[in-house]
Each structure stands twice: as structure tokens, then as C-alpha cells.
Amino acid sequence: MAEDTQEKAPLDDIMLAMDVVDTLRYQQLLVDRELNSEDRDKLMIERLRQIYRSQGITVPDEVLEQGVESLKEGRFVYTPPAKNFNTWLASLYIRRGKWGKIGLAGLAAIVLLWCLYFFLVVKPAEHKFAELPQQLDAYYQQIKTQTKVPMALEEATSLLEQGKLDLSKKDSKSATVALEQMKQLLADLNSEYVLRIVSRQGERSGVWRIPNINTQARNYYIIVEAVTPKGQVLTLPIVNEEDGKTYSVNKWGIRVDQSLFDRIAADKKDDGIIQNNIFGIKKKGYLKPEYRMQTPGGTITSW
């Protein structure tokens, strides 16, 4: 069979042509100027010949001519492919190491957040829910042991039943409310204090009010405060009969008749001191104080 008529260019010639194009590319300003002139090819070849000669390299004219043509044709120049979905996938695959690290970091962060939520929120809530039945029973038994009035036991029984009903419905929030109310009931039973009439200098020991519904009448009140055996003045929830609202106060007025009001006023006027200043006593095991002085009931929280 006859030999191929088309000869393959030697590898050295190809490499030399590529070097020529590279040299042309690095001399971009020269290229722009020379290729726009009338004799651009000749001038360019001569310039290339001088460059290589100064480096001690002899380049055949045909190689220089091929280099100029290759530059004009854009050979040996990398042209990136048009951007499309396939090139995007290829780029993503090439950078899979980088994106893989980012993905792993994101996954690790999600796992960490879930673990924190599980151990700091879910598990404590489950543990608290599991303990609610025992806590309800425990506070009920304490109230049952310490109360000396049926009213407290009746209230505790109602709270216990409500709490267990809430638990059967998986309503931990409502069951917790029942437990807190039971705790407050026990605290009320355990509290001890005396209702002492306020008689400090500059403070009122009693006040009178004219009710809105009967402007011809007067309501009389003695101002008291709750003092523990250790001398601490308590802040208690007191219902104001004038508006029906409950306020947390450390002093309030208890309604009395005019004769008791006048007697206490005379006692204070005598020497500035109220000798009989204990209006009532709240004992442990009871919900309300036992009054030592007569009162028809009713309290006010401001005057």
C-alpha cells in the first residue's frame, strides 16, 4: 500500500510553532500595532526573527509564517465552552471536594443543633413530664398531713384530680399549672404571721371612705401588715372590695365598725402608740388568719 501523501509535522516543529504563538501573545501591543499595518505579516516575521536570534535560536521562515497564521486563526488558544447545564454539572463535579467539605460541615452543624435541642429541651421536658405524677401525689400528701381545715384538703383533692386528668391527655402545661397551685396552697398552709396594726410615725393607722352607692354612710378601715415571727413583713394578694381586683401589697385596710375605729384612734392619740396592736393571727395549718378584733369583712389596698 502506498505511503500517506500527507506528512505529519515533526513534534519539534509543532512545539516551536506553539512557542512562536506564545511569543506573539506576550507581545500583544506589538501584535495589535503590526498586524494593523499594511505590511504586518512581513514586519511581524522580521520582529520574531530578531527576538529568537537574540536568544541564539534559529527559526525557519515557514515556522514563523505558520505562527503568525496560527495567531490570527486563534490556534493554541484555549476557548472555554459556552455555559450551560452540562458545563455546570461538570464544574460541580470538578469542585466536588470543596462542596463535599461544605456539605459535611453543614450536616455536622445540623446534627449538633439537633443533639443540643434533644438533650437540652426534649429530654428535660420528658423527664419533667414523667415526674409530674409523683410530684402531684407528694404535695397532696403533705397538704393532707399539715392542713387543719377541710377547705385546704378539698382544694388539694380537686387540684390532684385535675392534674392527673391533664396528664392523661398529655397536657404537661396544664398539669404543671395544677402542681404550682398545689405548691402555693402548701406554702399558704405553712405560713405564720400576725396582722399588726400600722402605728409608725407619719403613717396612717386607719382611714374612712364614703361609698359611691350611699354618700350618707362611711366605711371605716384599720391599716394592717403581715409580720412573720422573724420580723419580716410579707407581701400578700389582697382583694380590693372597691373594684373587685386582687393586688399584691404589704399593707391593706380591714373594714371595722366605727366604735372599734374610734377606740383604736383614741389609743394611738393617747401616747402615739397602739397598745393592743394585734388585729389577728395566722397559724400554721390554716389558710386564713384568726381575727382578734371584730370585722364584717372587706378590705382595701389603697387610700
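Residue numbers 1010 to 1312, in our numbering, belong to the letters of the sequence shown in order.
For every residue, glycine included, the Cβ atom is placed at its ideal position computed from N, Cα and C.
Note that this is a predicted model, so its numbers are computed, not measured.
Collapsed DSSP secondary structure at residue i in the structure displayed
i, result
"P1317", "With the chain covering only 1010 through 1312, there is no way to say anything about residue 1317."
"L1204", "strand"
"R1218", "strand"
"E1074", "helix"
"E979", "Outside the displayed range of the chain (1010 to 1312) lies residue 979, so it cannot be described from this structure."
"T1067", "coil"
"T1308", "strand"
"G1240", "coil"
"G1281", "coil"
"E1140", "helix"
"R1062", "helix"
"Q1210", "coil"
"T1315", "Shown here, the chain extends from 1010 to 1312; a query on residue 1315 therefore has no answer."
"T1154", "helix"
Residue i: first and last residue of the uninterrupted alpha helix (DSSP H) it sits in
i, result
"T1255", "Element bounds for T1255: not the alpha helix (DSSP H) but the beta strand (DSSP E), 1255 to 1258."
"V1329", "The displayed coordinates of the chain run from 1010 to 1312. Any statement about residue 1329 would go beyond what the structure contains."
"E1170", "1159 to 1177"
Buried versus exposed, by CB contacts within 10 Å (16 or more), residue i
i, result
"T1244", "exposed"
"N1228", "buried"
"M1160", "exposed"
"K1137", "exposed"
"A1114", "exposed"
"T1310", "buried"
"Y1126", "exposed"
"A1091", "exposed"
"R1301", "exposed"
"G1211", "exposed"
"I1054", "buried"
"V1120", "exposed"
"V1130", "exposed"
"Q1015", "The predicted model places Q1015 with a pLDDT of 42, which falls under 50 and marks its position as unreliable; any figure quoted below should be read in that light. Label assigned to Q1015: exposed."
"S1257", "exposed"
"Q1037", "Caution applies to Q1037, whose pLDDT of 49 falls short of 50 and renders its modelled position unreliable; the model cannot decide the point."
Extent of the continuous beta strand (DSSP E) to which residue i belongs
i, result
"K1291", "1287 to 1291"
"I1263", "1261 to 1265"
"A1091", "Run containing A1091: none; DSSP gives neither H nor E here."
"Y1295", "Note, Y1295: premise wrong, no beta strand (DSSP E); not H, not E."
DSSP bridge partner residues for residue i (one or two, in chain order)
i, result
"A1235", "L1204"
"N1228", "R1218"
"E1299", "I1290"
heavy atom of the ligand SAH below 7 Å from residue i C-beta
i, result
"S1208", "The ligand SAH is not part of this structure, which contains no ligands at all."
For the pair the region 1304 to 1311 and the region 1251 to 1266, tell me if three or more CB-CB distances fall below 8 Å.
yes
Report yes or no: do three or more beta-carbon pairs, one from the region 1191 to 1209 and one from the region 1231 to 1247, lie closer than 8 Å?
yes
At least three beta-carbon pairs within less than 8 Å, the region 1289 to 1301 to the region 1143 to 1162
yes
Stretch-stretch touch, CB-based, cutoff 8 Å, three pairs: the region 1136 to 1150 with the region 1168 to 1188:
yes
If we count Cβ pairs, one from each stretch, closer than 8 Å, do we get three or more for the region 1226 to 1240 versus the region 1202 to 1215?
yes
Below 8 Å, can you find three or more Cβ-Cβ pairs linking the region 1141 to 1149 to the region 1166 to 1178?
yes
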